[in-house]
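*Asks:*
Number of protein chains: 2
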Amino acid sequence: MTSDTGTKAPRRKNMRAEEREKLIVTEAVRFFAESGFEGQTRELAKRMGVSHAVIYRHFESKDALIERVYDHVYLKRWNPEWESLVLERNRTLRERLTQFYVEYAERVFDYDWVRIFVSSGLKSYGLTERYLDIVRNKIIEPAAMELRRERGEVNPSAPPGSDELELFWGLHGAVFYIAIRKFVYNMPIEIDVEEAVRATVSNFFDGALDGRSKR
Amino acid sequence: MTSDTGTKAPRRKNMRAEEREKLIVTEAVRFFAESGFEGQTRELAKRMGVSHAVIYRHFESKDALIERVYDHVYLKRWNPEWESLVLERNRTLRERLTQFYVEYAERVFDYDWVRIFVSSGLKSYGLTERYLDIVRNKIIEPAAMELRRERGEVNPSAPPGSDELELFWGLHGAVFYIAIRKFVYNMPIEIDVEEAVRATVSNFFDGALDGRSKR
DNA sequence: TAGATAAGTTACCAAACGGTCACTTTTGCA
DNA sequence: TGCAAAAGTGACCGTTTGGTAACTTATCTA
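Residue numbers (UniProt numbering), protein chains in the order written: chain A, 1 to 215; chain B, 1 to 215.
Right, here's the structure in full:
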């Protein structure tokens, strides 16, 4: 009826390949997050109101689609600036890590990401391993070295020991567990997520016995 | 061919119902831990060297079997003594929680338990929720109250605030994440698990800035 | 040792599943 | 406006899957 002069009128019945692919991936992310990778393509297609053959027009196989889902979920959410953030020596390590984990949580703590991450961990396509390699190389190890420095320990560039790494994996775990509780275990998290993250980092540095560790 | 009029041949060919059921459950625990609950009953049966119809002679349905797997994995591993352990006021809270988490890890941190726990969390049959209710009621909340006491805070029996609970969920997460890394993410954990648990609890109380937080 | 009963097997079913293909409809463009 | 290419459809295929039933074999007991 109205002119389709550049307005957003959904005039078209058929989508263009590119657009459809994007829509499929977007929809698949949510779908696989909910039902795991065993979820059927027919179900997924039904959600988009098309027949499941459409999926196979745009993707070679279900596995190929899953591959794309991985891409979309993981890779796009890593902020390279974090890598230098950890090394900003004009601020305390505590400040840096607080900022990192607050931002990290903001980007990564959502239903789709967390569930797909854990799901694929169980399936072990080797993807979580690769992701956690990044976390170790770019965050955990640098943080361990920075802590050593901040503590004023006389130490050359010897690589961090496994106990030093473990310390920061502990922090990482404590923070990430917030997300697991919320999105995997489905526990109601009363407290605001950012506040919880801040408190966790804070306690990591102060210790629980240090009087009030939060606000 | 020649008769294997077995001198050494396995005498009994048929198992008795009770024994077989146990064997199926045991085998199913490992099997579902590996392949998730979508794993096929035929595969499972093949592992035991029987046809898959055997499973359905002993269990009404696959779901019924899964139910039994839950029982076997979860419920049998909670040690009621832990509940009083947290309250032993003749020892520091730190000592109590160290002992608790060391013992907890010993019982619970194995391939089958951790993977089935996480798997069923994703599927949300409501089982993980029930389990974590126990953890909260018997460990997290009491610990929060004990800490309040230990800090010498003047406080009646007012229920712990969500920030106080969050603190101990953080500890719990840090500890449990060790298991997740090992059994879900498949990361090589170089450090001894018990040592890692001790270090985590230790750091929880001391804070990272407190010089050496580990031995 | 006979025969009842329990344990196990083979063959089968119906639904679900990933994937394909011939066909129809929509859409861009000469 | 006509038509070829692109997008979408429905019917179909072969395999997998949970589950069943009729049969065979092992085991217990009178």
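The beta carbon of each residue, even a glycine, is placed where N, CA and C say it ideally should be.
(1) Taking the straight line between their C-alpha atoms, what separation do you get for Ser124/B and Met15/A?
(2) Would you identify the three-state DSSP class for Lys13/A, choosing helix, strand or coil?
(3) Would you verify that the beta carbon of Asp71/B is, or is not, closer than 8 Å to some beta carbon of chain A?
(4) Would you mind sorting Asn79/A into buried or exposed? The rule is 16 or more other CB atoms within 10 Å of its CB.
(5) I'd like the ranges of any beta strand (DSSP E) spanning at least 3 consecutive residues and lying wholly in the region 110 to 195 of chain B.
(6) Along the chain, where does the alpha helix (DSSP H) containing Ala53/B start, and where does it finish?
(7) Compare the C-beta of Arg107/A against all C-beta atoms of chain B and say whether one is closer than 8 Å.
(8) Comparing the C-beta of Tyr56/B with each C-beta of chain A, is any distance below 8 Å?
(9) Would you check if there are 3 or more beta carbon pairs closer than 8 Å linking the region 164 to 184 of chain B to the region 137 to 150 of chain A?
(10) Using C-beta distances below 7 Å, list every residue in its chain close to His52/B, excluding the 5 sequence neighbours before and after it, in chain order.
(11) Have a look at residue 222/A and Ala196/A and give me their C-alpha separation to the nearest angstrom.
(12) Could you tell me whether any Cβ in chain A is nearer than 8 Å to the Cβ of Gly39/B?
(13) Which class does Val25/B belong to by DSSP, given the choice of helix, strand or coil?
(14) Decide yes or no for the touch test of the region 22 to 37 of chain A against the region 114 to 122 of chain A: beta carbon pairs closer than 8 Å, at least 3 of them.
(15) For the alpha helix (DSSP H) containing Tyr104/A, name the first residue and the last one.
(16) Leaving out five residues on either side along the sequence, give the residues of the same chain with a beta carbon under 8 Å from the beta carbon of residue 216/A.
(17) Counting only Cβ pairs nearer than 8 Å, list the residues of chain B close to Met187/A.
(18) Looking at chain B, is there any beta carbon in it that lies within less than 8 Å of the beta carbon of Trp113/A?
(19) What's the C-alpha gap between Asn155/A and His172/A?
(20) Between Gly207/B and Gly207/A, is the Cβ-Cβ spacing less than 8 Å?
(21) Taking Leu165/B as the reference, give the member of Glu150/B, Ser120/B, Glu60/B and Arg136/B with the closest Cα.
(22) Which residues mark the beginning and the end of the alpha helix (DSSP H) in which Arg47/A is found?
(23) From Met48/A, Arg47/A, Ile24/A and Arg96/A, pick the residue whose C-alpha is nearest to that of Glu150/A; which is it?
(24) Closer than 8 Å, CB to CB, is Trp169/A near chain B or not?
(25) Report yes if the CB atom of Phe32/B is closer than 8 Å to the CB atom of Val86/B, and no otherwise.
(26) Can you tell which of Val193/B, Glu18/B, Arg57/B and Val73/B has the C-alpha that lies nearest to the C-alpha of Ala28/B?
(27) Out of Arg77/A, Glu60/A and Arg198/A, which one is the CA nearest neighbour of Ile134/A?
(28) Report the three-state DSSP secondary structure of Trp78/A (helix, strand or coil).
(29) Measuring CA to CA, which of Glu67/A, Lys138/A and Asn186/A is closest to Gly126/B?
(30) Measuring only the C-alpha atoms, how far is Arg47/B from Leu65/B?
*Replies:* Taking the structure as given:
(1) Going by the C-alpha atoms only, they are around 36 Å apart.
(2) Three-state result, Lys13/A: coil.
(3) So, not an interface residue.
(4) Per the 10 Å Cβ criterion, exposed.
(5) Fully enclosed beta strand (DSSP E) runs of 3 or longer: not present.
(6) Unbroken alpha helix (DSSP H) run through Ala53/B: Ala53 to His58.
(7) False, the Cβ-Cβ gap to chain B never drops below 8 Å.
(8) Output row for Tyr56/B: interface = no.
(9) Judged by Cβ distances under 8 Å, the region 164 to 184 of chain B makes no contact with the region 137 to 150 of chain A, as fewer than three pairs qualify.
(10) Correct list, in chain order: Thr41, Arg42 and Ala45.
(11) Absent from the model: residue 222/A. The displayed extent of chain A is 1 to 215, so no value can be given.
(12) Taking CB atoms only, Gly39/B has no neighbour in chain A less than 8 Å away.
(13) Of the three classes helix, strand and coil, the one that applies to Val25/B here is helix, per DSSP.
(14) In short, these stretches touch, since the Cβ pair count reaches three.
(15) Under the DSSP assignment, Tyr104/A falls in the alpha helix (DSSP H) whose first and last residues are Leu93 to Val108.
(16) Not covered by the structure: residue 216/A. The range shown for chain A is 1 to 215.
(17) The contacting residues are Glu129 and Leu132.
(18) So no, Trp113/A is outside the interface.
(19) Each residue's alpha carbon lies about 24 Å from the other.
(20) Their beta carbons are under 8 Å apart, which means Gly207/B touches Gly207/A by this criterion.
(21) By alpha-carbon distance to Leu165/B, the top candidate from Glu150/B, Ser120/B, Glu60/B and Arg136/B is Arg136/B.
(22) Its alpha helix (DSSP H) spans residues Thr41 to Met48.
(23) Nearest of Met48/A, Arg47/A, Ile24/A and Arg96/A to Glu150/A, Cα basis: Arg96/A.
(24) Chain B, which has a Cβ nearer than 8 Å to the Cβ of Trp169/A, makes this yes.
(25) With contacts defined by Cβ atoms closer than 8 Å, Phe32/B and Val86/B do not form a contacting pair.
(26) Considering only alpha carbons, the answer is Val73/B.
(27) Minimum Cα distance to Ile134/A is reached at Arg77/A.
(28) Of the three classes helix, strand and coil, the one that applies to Trp78/A here is coil, per DSSP.
(29) Of all alpha-carbon atoms in Glu67/A, Lys138/A and Asn186/A, the one lying nearest the alpha-carbon of Gly126/B is that of Asn186/A.
(30) Spanning the two alpha carbons is a distance of roughly 16 Å.
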